[in-house]
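Residue numbers (the UniProt record's numbering): 1 to 411. In what follows, a single structure is set out as structure tokens and then discussed.
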């Protein structure tokens with residue numbers, strides 16, 4: 001053994017360098033962080049700076065109810081979010097990391113819920129606790145066909161956006177038709193819940209195989225809802241009878257601003273019903289009818305309705321089989337101009353060479369028109385198509401409202 005005066009004994013007795021010794025402050029901060037789950041409070045931490053240091057050392061695995069009740073530090077929730085979802089990013093729509101974490105966590109819980117394996121009471125508790133923090137909920141799959149009333153009644157006081165798709169992602173060879181599409185019972189429950197919500201402004205039911213019967217059921221809820229201003233029913237199977245019920249419900253309430261119906265089975269009669277809604281509405285600013293077979297008659301009536309609308313800013317009639325009558329009405333609308341309409345998409349229709357020249361002349365004849373007019377793939381000559389785009393581009397650069405279609409309109 002080394003003697004009292006040996007080099008090893010002398011080295012062991014020397015004090016550690018100051019930079020290797022933890023300060024009392026660091027020791028206290030570490031102790032607070034370690035014991036936080038047993039004593040979840042920052043009230044005894046004397047300064048905000050020290051409080052931030054404690055939070056920086058807290059585990060990202062703290063029980064959710066504890067962390068949600070006590071911690072509002074955005075730095076903690078950003079760290080916890082990235083620990084679980086490394087690529088998650090805050091957006092202009094949702095800049096709060098705490099809100100983002102709770103929304104993502106609830107989305108995962110609902111999308112993965114299996115009623116045969118998971119406890120519904122635990123899910124109810126999660127929904128109830130998340131209510132204060134969840135304002136946007138986007139469910140991209142829901143194979144369990146969980147009752148939408150359970151979701152909406154739990155989140156009714158704070159939810160502003162709901163995107164709901166009944167289906168299953170990445171099924172591969174395990175495809176099961178029964179997993180896809182909203183059921184009649186789902187529609188009935190959702191319609192009932194729509195009458196109860198307080199703040200829901202954006203409802204997106206894209207790709208749910210909604211047909212006329214389901215659309216009529218949903219309409220009963222829309223007719224008694226006074227909060228939804230943005231409705232998306234794109235990529236469904238709604239035909240004329242279903243869209244008539246939807247248009248009637250939206251007309252009765254009178255607050256819809258953005259309506260997306262692209263890629264349904266709407267024909268000329270449905271086009272007329274929507275034209276009536278567009279002409280009468282004091283709030284509708286954006287209507288998307290892309291990929292619907294409304295035909296020449298339907299396109300004509302919608303363009304006529306746009307001409308008398310006092311609010312419309314954007315109208316999409318792409319791939320609607322518009323022909324001579326619709327084109328004639330389009331030319332008249334462009335020649336006359338419109339105080340609010342700034343974006344008009346008629347791509348992939350049959351305008352033709354002669355009408356294309358007339359449309360170009362209409363654009364040239366109205367120096368006040370500032371419109372994003374898209375006529376690609378309409379059998380218009382390349383010269384006329386390029387001239388139309390060049391004229392409108394130049395006017396937009398020096399116009400007073402080149403991006404008016406992006407701005408809200410008072411109703």
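Where is the CB? At the ideal position from N, CA and C, for every residue including glycine.
Inclusion of residue 164 and residue 130 in the CB contact set at 8 angstroms is not warranted, their separation being larger than that value.
DSSP, read as helix, strand or coil, puts residue 105 in helix. Between the alpha carbons of residue 270 and residue 218 lies a distance of about 17 angstroms. In the DSSP assignment, residue 138 falls within the beta strand (DSSP E) that extends over 136–139. Our two residues, residue 390 and residue 374, have alpha carbons roughly 12 angstroms apart in a direct line. The alpha-carbon separation between residue 48 and residue 73 amounts to approximately 11 angstroms.
Per DSSP, residue 280 is one residue of the alpha helix (DSSP H) stretching across 268–280. Segment contact: the region 302–315 against the region 337–349, three or more CB-CB distances shorter than 8 angstroms; contact assigned. With 16 or more other CB atoms across the displayed protein chains lying within 10 angstroms of its CB, residue 101 is buried. Between the C-alpha atoms of residue 61 and residue 81 there is a straight-line separation of about 11 angstroms. Between the C-alpha atoms of residue 288 and residue 381 there is a straight-line separation of about 26 angstroms. The Cβ-Cβ distance between residue 247 and residue 284 does not fall below 8 angstroms. The Cβ atoms of residue 58 and residue 76 lie closer than 8 angstroms to each other. Distance from the Cα of residue 208 is smallest, within the candidate group 367, 181 and 84, for 181.
8 angstroms or more divides the Cβ of residue 353 from the Cβ of residue 388.
Rounded to the nearest whole angstrom, the CA to CA distance from residue 170 to residue 91 is 26 angstroms. Judged by beta-carbon spacing, residue 240 lies beyond the 8 angstroms limit of residue 280, meaning their Cβ atoms are not closer than that value.
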